[in-house]
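Visitor: Numbering (the UniProt record's numbering), first residue to last: 1 to 277.
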Amino acid sequence: MATDGVKIIDGDLAHDVYVTFMDLYDAGESIETVKTAIEQFQADNDDVDDEIFITAYALALWEVGQLDEEILSQVALAIKQNAFANYLTQSENAPNEGRKRQQVLNRFWDKISQPNIRPRKRKIHKAQTKFVFDEGDVLSFQMSDGTYRATILLLISQHRGRCSYQFAMPTYTAPSKATFEDVQNGEIMGRMIEPASRVGFNVVGMAHKTLLAIADRFERIGHLEITQAAKRCGAQSGAVDFESFASAFVDFNNIIGIKKTVKTHSKQVFPVRQLLQ
């Protein structure tokens, strides 16, 4: 069991329940379909996680005007049992946090025991259709010291109207601009993902608006037809401007050392052509 705080949506389980519910709801799924998916989160829970689950679930149902008496009675039982507050007080030796949780539950009950007169409507998230670059594009860019690096757009993802780009990290570094063949025949940073022993490629993520503002810093030098199975991310970092993007590519001097310790080092290098397999 892991939780971050005493609020209704304040930990991993509660967040997963609530966000998954709203994602499915906004995607147009029926309430029954949403319920079936969400109730899978209830399996094998202890008393504390049961309380966290049912309160997060009830909040989501209440917000969309679908809270029924059955779920309401489960919330009432969870509040009566007071498992989370007792856990905080007795097991964590945090009576103040226990009291705060009880206060949160009391206010929560006052809220959901009354009908929601303004149910939340399904949100329509507009998908991005005009991309800055396409998946598989191979790009060259110049560092502040005048040397060149290359990157490959591994994956474009969209969630709740937000579009993001995941750029893989070829090991190319030279005083001259890379050619497409340099990158295609080179290597790329990644790591083995256990337990399936699959390769995940290290990526730097960037939002659509950020990339649009700095697109002129990149030159498209070719395109790879990346297989769907290869579009897996390993280590991930994020960039908010060109400088933070380029900083991820600063130190490739340890690549040889990484190869020598491939069995023990979390980072590894792989042929770029593995993206095509």
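We treat Cβ as the ideally placed atom computed from N, Cα and C, and that holds for glycine.
Measuring straight from C-alpha to C-alpha, what distance separates W62 and Q268?
Guide: Along the sequence shown, read from residue 1 onward, the residue named residue 62 stands at position 62. Along the sequence shown, read from residue 1 onward, the residue named residue 268 stands at position 268. Going by the C-alpha atoms only, they are around 48 Å apart.
Visitor: Thinking A27 and I52 are a contact (beta carbons under 8 Å), I'd like their distance in whole angstroms, please.
Guide: For the purposes of this step, residue 27 is taken as the residue at position 27 of the sequence shown. For the purposes of this step, residue 52 is taken as the residue at position 52 of the sequence shown. With a Cβ gap of about 24 Å, A27 and I52 do not count as contacting.
Visitor: Between which two residues does the alpha helix (DSSP H) containing P271 stretch?
Guide: Translated into positions along the sequence shown, residue 271 becomes position 271. Segment Q268 to P271 is the beta strand (DSSP E) holding P271; no alpha helix (DSSP H) there.
Visitor: Measuring straight from C-alpha to C-alpha, what distance separates A150 and F131?
Guide: Start at 1 with the first residue of the sequence shown, and residue 150 comes out as number 150. Start at 1 with the first residue of the sequence shown, and residue 131 comes out as number 131. Looking at the two C-alpha atoms, the distance is approximately 19 Å.
Visitor: Is the segment 74-82 in contact with the segment 21-40, if contact means three or more CB pairs nearer than 8 Å?
Guide: They do not touch, by the three-pair rule.
Visitor: With distances taken between CB atoms, is the gap from G222 to Q274 smaller than 9 Å?
Guide: Start at 1 with the first residue of the sequence shown, and residue 222 comes out as number 222. Start at 1 with the first residue of the sequence shown, and residue 274 comes out as number 274. It is not a contact, given that the beta carbons lie outside the stated cut-off.
Visitor: What residue from M143, L154 and T179 has the CA that sits closest to F133's CA?
Guide: The count along the sequence shown starts at 1 and reaches residue 133 at position 133. If we check each option's Cα against that of F133, L154 comes out closest.
Visitor: Indicate the three-state DSSP secondary structure (helix, strand or coil) for D145 in the structure shown.
Guide: One-based indexing of the sequence shown puts residue 145 at position 145. The answer is coil: DSSP assigns D145 none of H, G, I, E or B.
Visitor: Counting only runs of 3+ residues fully inside the segment 124-211, write out the beta strand (DSSP E) ranges in chain order.
Guide: If we require 3 residues or more, the beta strand (DSSP E) runs fully inside the segment 124-211 come out as 137-142, 148-159, 162-168, 187-193 and 198-207.
Visitor: Could you have a look at A239 and say whether DSSP puts it in helix, strand or coil?
Guide: In the sequence shown, counting from the first residue as 1, residue 239 sits at position 239. The answer is coil: DSSP assigns A239 none of H, G, I, E or B.
Visitor: Would you call the segment 197-213 and the segment 117-124 touching, i.e. three or more CB-CB distances under 8 Å?
Guide: With the cut-off at 8 Å, the segment 197-213 and the segment 117-124 do not touch.
Visitor: By how many angstroms is the C-alpha of H125 removed from the C-alpha of D23?
Guide: Along the sequence shown, read from residue 1 onward, the residue named residue 23 stands at position 23. Along the sequence shown, read from residue 1 onward, the residue named residue 125 stands at position 125. Going by the C-alpha atoms only, they are around 10 Å apart.
Visitor: Please determine, among D216, A178 and F167, the residue with the shortest C-alpha to C-alpha distance to F245.
Guide: As a first step, residue 245 is located in the sequence shown; it is residue number 245 there, counting from the start. Minimum Cα distance to F245 is reached at F167.
Visitor: Could you say which of L139, A235 and A215 lies nearest to V204 if we only look at CA atoms?
Guide: Residue numbering aside, residue 204 sits at position 204 when the sequence shown is read from its first letter. Selected option, being the one with the closest Cα: A235.
Visitor: Should D46 and A83 be called a contact, given that it needs their Cβ atoms to be closer than 9 Å?
Guide: Counting from 1 along the sequence shown, the entry for residue 46 is found at position 46. Counting from 1 along the sequence shown, the entry for residue 83 is found at position 83. Against a cut-off of 9 Å, the Cβ pair of A83 and D46 comes out as a contact.
Visitor: Are the CB atoms of S144 and E219 within a distance shorter than 9 Å?
Guide: Looking up residue 219 in the sequence shown gives position 219. Looking up residue 144 in the sequence shown gives position 144. Contact: no.
Visitor: Roughly how many angstroms lie between the CA atoms of T227 and D182, to the nearest whole one?
Guide: Sequence index remark: in the sequence shown, residue 227 carries index 227 (1-based). Sequence index remark: in the sequence shown, residue 182 carries index 182 (1-based). Cα to Cα, the separation comes out at about 20 Å.
Visitor: How long is the line joining the alpha carbons of R101 and I9, rounded to whole angstroms?
Guide: Working through the sequence shown from its first residue, we reach residue 101 at position 101. Working through the sequence shown from its first residue, we reach residue 9 at position 9. So the alpha carbons of these two residues sit roughly 12 Å apart.
Visitor: Report the CB separation of M206 from Y165 in whole angstroms; it is logged as a contact under 8 Å.
Guide: Counting from 1 along the sequence shown, the entry for residue 206 is found at position 206. Counting from 1 along the sequence shown, the entry for residue 165 is found at position 165. About 5 Å; that satisfies the 8 Å criterion.
Visitor: Per DSSP, G5 forms a beta bridge with which residues?
Guide: Here the question's residue 5 lines up with position 5 in the sequence shown. Beta-bridge pairing links G5 to no other residue.
Visitor: For the alpha helix (DSSP H) containing R220, name the first residue and the last one.
Guide: Counting from one through the sequence shown, the residue named residue 220 turns up at place 220. Careful: R220 lies outside any alpha helix (DSSP H), inside the beta strand (DSSP E) at E219 to H223.
Visitor: Closest to S237 by CA distance: which of G190, E97, D12 and K209 is it?
Guide: By 1-based counting over the sequence shown, the position of residue 237 is 237. S237 has its Cα closest to that of G190, out of G190, E97, D12 and K209.
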